[in-house]
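What follows is one structure encoded as structure tokens, with my remarks underneath.
In our numbering, the protein residues as written are 273 to 607.
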């Protein structure tokens, strides 16, 4: 049964997308009939993925399902092996958060041929053998963040111009590719934006710190940083602080920093008025919604090829608003 707390946490987009009923789900339970869900993640080094696992664990416990989780630790080859192993371990459903979606196509096809329903979670995979893709539109995540950069530059100069840094995500990651595409859209549309640097920061705080430190040394004038995720955004903020150039949002000389995902460290930065924007996907409720969708399939519900998860722009001026509270600040739910 769909639960009110999920709806209040931002799952209304899922309701509209999949048309879940509000009736109860009657399952007899028992080992022989146990529903087994496998999860193939590519990392736990980023809190976003910790949030995904929390949502999966909480909701599989609620539904009485068995959950098997794997962590490829950033190795695409290991992730392919993990998917194969989940099939061997009897998974009825496999949820995959991919590092490199294309490299997983053969194992997804093999799993589907054995009757396993394979779904992407929190990112897309270009495979016709997927049962369902459950993710926010990563292009729209990027566009939402890019629009905030445009707004900032317009407010600062009265027109869209300025020196901007792009910190890209992991090469080959669908999310990184889409967010870079969104950034390219604004630079193509607004020739006054000068991209003073565009480098891969690997979705990683330490790498972003190192990359941004070098960029700051080479560029005395920077207006804004567009980061592919908030791990990178936090690394950029640390580098800006180390360079003695950190000021609060709205102060003279402030370097705008925006990212995506909204983990605990980012909420702390936003509440401290240091980070301008984060585009949240709320991995906790997304993962819970994925398990509820599986529960609906078990009850005879319709298969949907795509479920688009709603996003929320969070800033120092709106984080305490009713809108953001309704969507959910997942950072406050994890340790």
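Where is the CB? At the ideal position from N, CA and C, for every residue including glycine.
By Cβ distance below 8 Å, which residues in the same chain neighbour residue i in space, the five residues on each side in sequence not counted?
i, result
"residue 595", "584"
"residue 340", "308, 309, 310, 311, 358, 361 and 363"
"residue 350", "344"
"residue 300", "With a pLDDT of 36 at residue 300, under the threshold of 50, the modelled position of that residue is not reliable, and no figure is offered here."
"residue 325", "311, 313, 316, 341 and 559"
"residue 509", "518, 529, 541, 546 and 547"
Pick from the options: whose alpha carbon is nearest that of residue i?
i, options, result
"residue 447", "394, 511 and 329", "394"
"residue 483", "365, 471 and 550", "471"
"residue 523", "545, 513 and 597", "545"
"residue 314", "335, 367 and 333", "367"
"residue 345", "508, 516, 317 and 355", "317"
"residue 504", "414, 322, 440 and 582", "440"
"residue 527", "533, 498 and 552", "498"
"residue 515", "429, 601 and 490", "490"
"residue 331", "562, 576 and 607", "562"
"residue 480", "461, 430 and 442", "442"
"residue 464", "444, 485, 428 and 445", "428"
"residue 336", "607, 372 and 566", "566"
"residue 434", "581, 600 and 525", "525"
"residue 410", "576, 553 and 602", "553"
"residue 605", "593, 557, 575 and 564", "557"
"residue 352", "327, 397 and 599", "397"
"residue 451", "601, 412, 580 and 325", "412"
"residue 372", "599, 392 and 598", "392"
"residue 521", "500, 495 and 511", "495"
"residue 408", "603, 607, 580 and 601", "580"
"residue 575", "320, 328, 365 and 445", "365"
"residue 369", "356, 334 and 445", "445"
"residue 564", "329, 319 and 321", "329"
Can you find the residues in the same chain that come closer than 6 Å, C-beta to C-beta, to residue i, ignoring five residues on each side of it along the sequence?
i, result
"residue 578", "405"
"residue 610", "Only positions 273 to 607 of the chain appear in the structure, and residue 610 is not among them; the question remains open."
"residue 298", "At residue 298, the pLDDT of 37 sits below 50, so the modelled position is not reliable and the matter cannot be decided from this model."
"residue 338", "306 and 308"
"residue 542", "588 and 591"
"residue 506", "477 and 537"
"residue 458", "418 and 422"
"residue 354", "312, 342 and 344"
"residue 415", "454"
"residue 474", "442"
"residue 432", "422, 425, 426, 462 and 464"
"residue 348", "371, 372 and 375"
"residue 466", "435"
"residue 493", "435"
Going by DSSP, which residues form a beta bridge with residue i?
i, result
"residue 311", "341 and 367"
"residue 469", "437"
"residue 530", "498 and 549"
Excluding the five sequence neighbours on either side, which residues of its own chain have a C-beta within less than 7 Å of the C-beta of residue i, listed in chain order?
i, result
"residue 549", "417, 420, 530, 585 and 587"
"residue 502", "531, 532, 533, 534, 535, 538 and 550"
"residue 511", "481, 484, 485 and 488"
"residue 327", "555, 556, 557, 558, 559 and 560"
"residue 302", "Residue confidence is low: residue 302 scores 37 on pLDDT, short of 50, so the model does not pin down where it sits. Its coordinate-derived value is still stated next. Closer than 7 Å at the Cβ level, and outside the excluded window around residue 302, lies no residue."
(message) Pairs of beta-carbons, one from the segment 408–426 and one from the segment 378–392, closer than 8 Å: are there three or more?
(response) no
(message) So within the segment 325–406, which uninterrupted alpha helix (DSSP H) runs reach at least 4 residues, ignoring any that extend past its ends?
(response) 348–360 and 377–385
(request) Output the residue ranges of the alpha helix (DSSP H) runs that lie fully inside the segment 402–448 and measure 4 residues or longer, sorted by chain position. (result) 410–429
(message) Assess contact between the segment 398–418 and the segment 374–383, defined as three or more Cβ pairs (one per stretch) separated by less than 8 Å. Is contact present?
(response) yes
(request) Would you check if there are 3 or more beta carbon pairs closer than 8 Å linking the segment 561–571 to the segment 531–538? (result) no
(request) Write down every uninterrupted run of the beta strand (DSSP E) in the segment 473–528 whose length is 3 residues or greater and which is fully enclosed by it, in chain order. (result) 496–499
(message) If we require 3 or more residues per run, which beta strand (DSSP E) segments fall completely within the segment 549–597?
(response) 549–552, 578–580 and 584–586
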